[in-house]
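A.B. asks: Please find one structure pasted underneath; my questions will follow.
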Amino acid sequence: MFALQSSAALEMGFMRSPPRSRPAFSKTRASAEPEAKTTKSSLEVMRKFSEQYASRSDTFFCVDKSVTAVVIKGLAEHKDTLGAPLCPCRHYDDKEAEAKNGFWNCPCVPMRERKECHCMLFLTEDSDFSGPDQAITMDEIKDGLGE
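In the numbering used here, the protein residues as written are 218 to 364.
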């Protein structure tokens, strides 16, 4: 059934290409990509941005602050490496092209238009995962990252 849905979506222009199966996880593959280094200043910039946007959009951080911490770190890494806070929770064939396109730069178009955050960084009050906070400290980020 999925194949029928995928081919119909492809024909209608909703998908760029048919879904691919992902290769199995291996330590070799994981170590082949160097871990991006995040500067402390970019982490602070993305922390402040996240707090301000949550307040402005009347959304809240996840009740599990480690989710918030990981997403903020991913945004900061992309800010450092790509020059834009590209959503860290999606797969891209070409990150540089996606960052230039801007659709998935935080806050992404689905978030701005419908308050739908794929990363669970900005959650509406009625979400089962929404916590009470619109703020996160650097210490909470470090704790959430296990640092």
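Virtual Cβ for every residue (Gly too), placed ideally from N, Cα, C.
If we ignore side chains and look at the alpha-carbon of each, how far apart do residue 275 and residue 347 end up?
C.D. replies: Taking the straight line from one Cα to the other gives about 12 Å.
A.B. asks: If you drop the 5 nearest sequence neighbours on each side, which residues of the same chain put their C-beta closer than 7 Å to that of residue 352?
C.D. replies: The residues are 268.
A.B. asks: Which two residues bound the contiguous alpha helix (DSSP H) that contains residue 283?
C.D. replies: 282–299 is the span of the alpha helix (DSSP H), which, as asked, contains residue 283.
A.B. asks: Whose C-alpha, out of 308, 360, 330 and 314, is nearest the C-alpha of residue 299?
C.D. replies: For residue 299, the nearest C-alpha among the options comes from 314.
A.B. asks: Does the distance from the C-beta atom of residue 340 to that of residue 266 stay below 7 Å?
C.D. replies: Not in contact: residue 340 and residue 266 (Cβ atoms no closer than 7 Å).
A.B. asks: Residue 357 and residue 282 look like a contact to me (Cβ under 8 Å); what is the Cβ gap, rounded to whole Å?
C.D. replies: Contact holds; Cβ gap of about 5 Å.
A.B. asks: Taking the alpha carbon of residue 263 as the point to measure from, which residue in 322, 311, 310 and 317 has its own alpha carbon closest?
C.D. replies: Of the candidates 322, 311, 310 and 317, the one whose C-alpha sits nearest the C-alpha of residue 263 is 322.
A.B. asks: For residue 340, write down the residues that DSSP places opposite it in a beta bridge.
C.D. replies: Bridge partners of residue 340: 277.
A.B. asks: By DSSP, does residue 260 sit in helix, in strand, or in coil?
C.D. replies: Helix, per DSSP.
A.B. asks: At the level of alpha carbons, what is the spacing between residue 305 and residue 329?
C.D. replies: Taking the straight line joining both Cα atoms gives about 17 Å.
A.B. asks: What number of angstroms, rounded off, separates the C-alpha of residue 359 from the C-alpha of residue 293?
C.D. replies: So the alpha carbons of these two residues sit roughly 14 Å apart.
A.B. asks: When the cut-off is 7 Å and only beta carbons count, does residue 363 lie next to chain C?
C.D. replies: The chain inventory of the structure shown lacks chain C, comprising one protein chain alone.
A.B. asks: Pop quiz: residue 290 and residue 255 are said to be a contact at Cβ under 8 Å. What is the actual Cβ separation, rounded to whole angstroms?
C.D. replies: About 6 Å separates the two Cβ atoms, so the contact holds.
A.B. asks: With DSSP as the reference, please indicate the residues paired to residue 322 in a beta bridge.
C.D. replies: Looking at the DSSP assignment, residue 322 forms a beta bridge with 303.
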